[in-house]
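Undergrad: Here it is: the structure, laid out below.
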Ligand code: UDX
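What follows is the structure, given as structure tokens:
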């Protein structure tokens, strides 16, 4: 029962695997389920299938302690869990801006027929508002007669590269519930989180609400963050011709606590598996609800973000004195070193990565591009197979006419511009993340260009 519920995490991608490991760490009996057998084999063998600081160690520790197991058997998951957390992906559909809910449907339809004991299905995946109610209908249709299965929604807010912290020490938890029992179950499932907070003299705020609000909290938060980034990138567009410095502007407006200084870094814009697809799915859903106008500004947020990527290519042409053909800038014969492939540092994730998007655009403009990233090479190669991949910063920049830093890895931020200057053919650098020190680079003889400064 509710005293120490056993937890399953359905879908062991980024979200599910991180949650499974962290909740085992908090002392729960946990079972992770996925249809992907190689992934389950890896996890069972103590290997995290993606890059997340601190997770590997925690996985092995909890496997050894016997609190954490993984399976490809949905029957086993159904028999094990008091609470089943849905953690499957909800990518953008190929044919529209809407979210693809086929994985959610799939896992619920597989699970429900085996739920012979009382259980709660709690959604964590980011979904369009209305999904929880639809899941409830699916459960009603597919669960055995007489079984007691309820649904709840409890969105998560973990950031890649920071995920362990975000799960163990969330800044809030959201329970979208329809019954006292579901509420009690979610409290029991999060007791470890609350207890940890208490020992550290913190509090974790809980928002208890209905399905629709819980679902919306997640997409609203991501829409706000995306808007904040595009806002500062729009300011960067103004700063360039006006001769202002967007990094100083951001610092200055950020001192106003109502604005805040976080998520105000101008650069090549946001990417990743969440923000871009979430703002699109949100617009699609608003249209279905007949209130598309309310989110029309998110279309603009998306456009500002896309323009950042194109801007790097344009800037490259400008700095190298290349002509603009009818099809855009002509960079044929130019050698460009791109430092960074992942959508942000401390991650190997290249989904909708601004860096790779720029690589594609540079290649299309005729440039010869050599890419280096500390963790994202394997995924980048799969995504953009026709680029050249270097084994180090040194190899990537050797002989380059232009260096573009597009992900703010520590290794790039601390690279010595004096050493690199000796390797390149042209000392021109575009700092797509405003993460380099312009004074140091200029002193070493580089022509330095940041974003909006
Ligand atoms: C995001 C949300 O932050 C998280 O709460 C949600 O659960 C999932 O989506 P994540 O995708 O891991 O997390 O990355 P995040 O750190 O939010 O960065 C997203 C993108 O925005 C990155 O490409 C990053 O480089 C960019 N970014 C972020 C900026 O360009 N400027 C900023 O100031 C902050």
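Numbering (full-length UniProt numbering), first residue to last: 17 to 469.
Glycine residues also receive a C-beta, built at the ideal position from the N, C-alpha and C atoms.
Look at the alpha carbon of residue 275 and the alpha carbon of residue 422, and state the distance between them as a whole number of angstroms.
TA: 26 Å
Undergrad: Starting from residue 385 and walking both ways along the beta strand (DSSP E), at which residues does that stretch end?
TA: 384-388 is the span of the beta strand (DSSP E), which, as asked, contains residue 385.
Undergrad: Take residue 252 and list the residues in its own chain whose beta-carbon comes closer than 6 Å to its own, dropping the five residues that flank it on each side.
TA: 262, 282, 467 and 468
Undergrad: Just list the residues that DSSP pairs residue 123 with in beta bridges.
TA: DSSP, once it has assigned bridges, lists no residue as partnering residue 123.
Undergrad: Can you say whether residue 272 is buried or exposed, counting buried as having 16 or more other CB atoms within 10 angstroms of its CB?
TA: Residue environment: residue 272 is assigned as exposed (fewer than 16 neighbouring CB atoms within 10 Å of its CB, all protein chains considered).
Undergrad: Does the beta-carbon distance from residue 280 to residue 248 come in below 8 Å?
TA: yes
Undergrad: Return yes when the C-beta of residue 283 is under 7 Å from any heavy atom of ligand 1, and no when it is not.
TA: yes
Undergrad: Sorted by chain position, which residues of the same chain lie with C-beta nearer than 8 Å to residue 219's C-beta, five sequence neighbours on each side aside?
TA: 213
Undergrad: Since residue 193 is in the alpha helix (DSSP H), which residue starts that stretch and which ends it?
TA: Segment: none, residue 193 is in no alpha helix (DSSP H) and carries neither H nor E.
Undergrad: Any heavy atom of ligand 1 closer than 7 Å to the beta-carbon of residue 103?
TA: When distances are taken from the beta-carbon of residue 103 to the heavy atoms of ligand 1, even the shortest one reaches 7 Å or more.
Undergrad: Taking C-beta to C-beta, are residue 74 and residue 300 nearer than 8 Å?
TA: no
Undergrad: Starting from residue 353 and walking both ways along the beta strand (DSSP E), at which residues does that stretch end?
TA: 351-355
Undergrad: To the nearest angstrom, how far is it from the Cα of residue 129 to the Cα of residue 158?
TA: Going from the Cα of residue 129 to the Cα of residue 158 covers about 5 Å.
Undergrad: Name the two residues that bound the continuous alpha helix (DSSP H) containing residue 447.
TA: No alpha helix (DSSP H) contains residue 447, which is instead part of the beta strand (DSSP E) from 444-447.
Undergrad: For the candidate residues 298, 169 and 376, whose alpha-carbon lies nearest to that of residue 151?
TA: 169
Undergrad: Report the residue from 205, 457 and 380 whose alpha carbon sits nearest the alpha carbon of residue 341.
TA: Per the Cα distances, 380.
Undergrad: Pull up the distance between the alpha-carbon of residue 17 and that of residue 184, whole angstroms please.
TA: Caution applies to residue 17, whose pLDDT of 44 falls short of 50 and renders its modelled position unreliable; the value that the coordinates give is listed next. Annotation: residue 17 to residue 184 spans about 23 Å, alpha carbon to alpha carbon.
Undergrad: So, are the CB atoms of residue 46 and residue 36 less than 8 Å apart?
TA: yes
Undergrad: Quick one: any contact between the stretch 120-137 and the stretch 87-105, if contact means 3 or more CB pairs under 8 Å?
TA: yes
Undergrad: Considering only heavy atoms of ligand 1, does any lie closer than 7 Å to the CB of residue 25?
TA: No - ligand 1 has no heavy atom lying nearer than 7 Å to the Cβ of residue 25.
Undergrad: Residue range of the alpha helix (DSSP H) that residue 150 falls in?
TA: 147-158
Undergrad: Quick one: Cα of residue 55 to Cα of residue 79, how far?
TA: 15 Å
Undergrad: What is the residue span of the alpha helix (DSSP H) that residue 327 lies within?
TA: 312-335
Undergrad: How would you label residue 455, buried or exposed, when you count the other beta carbons within 10 angstroms and need 16 or more for buried?
TA: exposed
Undergrad: Pairing CB atoms from the stretch 398-414 with CB atoms from the stretch 423-442, are three or more of them under 8 Å?
TA: In this structure the stretch 398-414 touches the stretch 423-442; the number of beta carbon pairs closer than 8 Å is three or more.
Undergrad: Pick helix, strand or coil for residue 271, following the three-state DSSP scheme.
TA: coil
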